[in-house]
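Student:
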Amino acid sequence: MATIQTIGSEEIHAAITQLATAISARHGTAKKLLLLGVANGGVTLAQRLASRLATLHPPLSTATGTVDISFHRDDIGRHPIPKEFAPTHIPADVHGATIILVDDVLFSGRTVKAALDELFDHGRPAKVELAVLVDRGGRLMPVAADYTGLTLAPAADEKVVVALDANSPNRDSIRIQSSTTVSDD
Numbered sequence: 088m089a090t091i092q093t094i095g096s097e098e099i100h101a102a103i104t105q106l107a108t109a110i111s112a113r114h115g116t117a118k119k120l121l122l123l124g125v126a127n128g129g130v131t132l133a134q135r136l137a138s139r140l141a142t143l144h145p146p147l148s149t150a151t152g153t154v155d156i157s158f159h160r161d162d163i164g165r166h167p168i169p170k171e172f173a174p175t176h177i178p179a180d181v182h183g184a185t186i187i188l189v190d191d192v193l194f195s196g197r198t199v200k201a202a203l204d205e206l207f208d209h210g211r212p213a214k215v216e217l218a219v220l221v222d223r224g225g226r227l228m229p230v231a232a233d234y235t236g237l238t239l240a241p242a243a244d245e246k247v248v249v250a251l252d253a254n255s256p257n258r259d260s261i262r263i264q265s266s267t268t269v270s271d272d
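Take any residue in the sequence shown, note its place counting from 1, add 87, and you have its number in my numbering.
(1) Rank V247, F194, A133 by C-alpha distance to the C-alpha of I39 and give the top, closest one.
(2) Please report the Cβ distance between V181 and G124, rounded to the nearest whole angstrom; I am assuming they are in contact, meaning their Cβ atoms lie under 8 angstroms.
(3) How long is the line joining the alpha carbons of D252 and S138, rounded to whole angstroms?
(4) When you compare the CB positions of L132 and S111, do they come within less than 8 angstroms of one another, or not?
(5) Assess, as a yes-or-no matter, whether the region 200-216 is touched by the region 144-161 under the definition of 3 or more beta carbon pairs within less than 8 angstroms.
(6) Nearest by alpha-carbon distance to A117: which of V154, A184, A126, G129 is it?
(7) Which one of T235, V249, S265 has the shortest CA to CA distance from T64?
(8) Does T235 have its Cβ less than 8 angstroms from a Cβ in chain D?
(9) Can you tell which of S266, V130, S260 has its C-alpha closest to the C-alpha of S96?
(10) Restricting to Cα atoms, I'd like to know which of A242, A240, V221, P241 is closest to A232.
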């Protein structure tokens with residue numbers, strides 16, 4: 088049986104601060120910046136990033152929302168829409184906005200492609216960027232993150248599981264463990 092590797096909350100919080108600092112450096116004067124968490128893994132991360140951005144000097148004001156990719160997944164036949172899902176909620180008009188898609192793990196790139204499909208169903212942003220907490224490599228599509236908190240290199244038969252506790256951030260964790268039947272995106 089393989090050993091489970093765990094990354095704790097302190098390293099995760101440092102990575103989130105690193106993401107927020109990089110976003111602020113690039114968009115410190117942005118007038119229309121939207122952080123959209125890819126449901127479900129990116130929602131809490133987008134909220135955390137918005138909070139950190141508001142505390143940086145100078146503070147960066149962002150609106151946060153959710154992008155539901157359920158109907159744009161290329162594997163919907165194998166992974167039906169879950170009973171508990173977060174519907175798309177975009178708090179402002181995307182036309183002409185700078186959008187930062189936020190997700191917990193970047194793997195194959197298929198989730199990002201589905202998120203872009205959903206986003207463009209709502210309009211045409213001026214620019215779209217990608218922020219991820221973990222880039223685990225293994226891309227199957229030509230996708231790269233603009234902002235990366237942690238870069239990990241798990242084996243092909245391992246899974247990266249991110250758990251961000253919305254109510255108790257000190258319980259946050261990232262585990263690298265043997266794969267199950269569910270795959271990362």
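Note that CB positions come from ideal geometry on N, CA and C, so glycine has one too.
Tutor: A quick look at the data gives this:
(1) One cannot answer for residue 39 here, as it falls past the ends of the chain, which runs 88 to 272.
(2) Contact flag wrong, Cβ pair sits at about 15 angstroms.
(3) 15 angstroms
(4) no
(5) yes
(6) A184
(7) Absent from the model: residue 64. The displayed extent of the chain is 88 to 272, so no value can be given.
(8) Absent from the structure is chain D; it holds one protein chain and no more.
(9) S260
(10) V221
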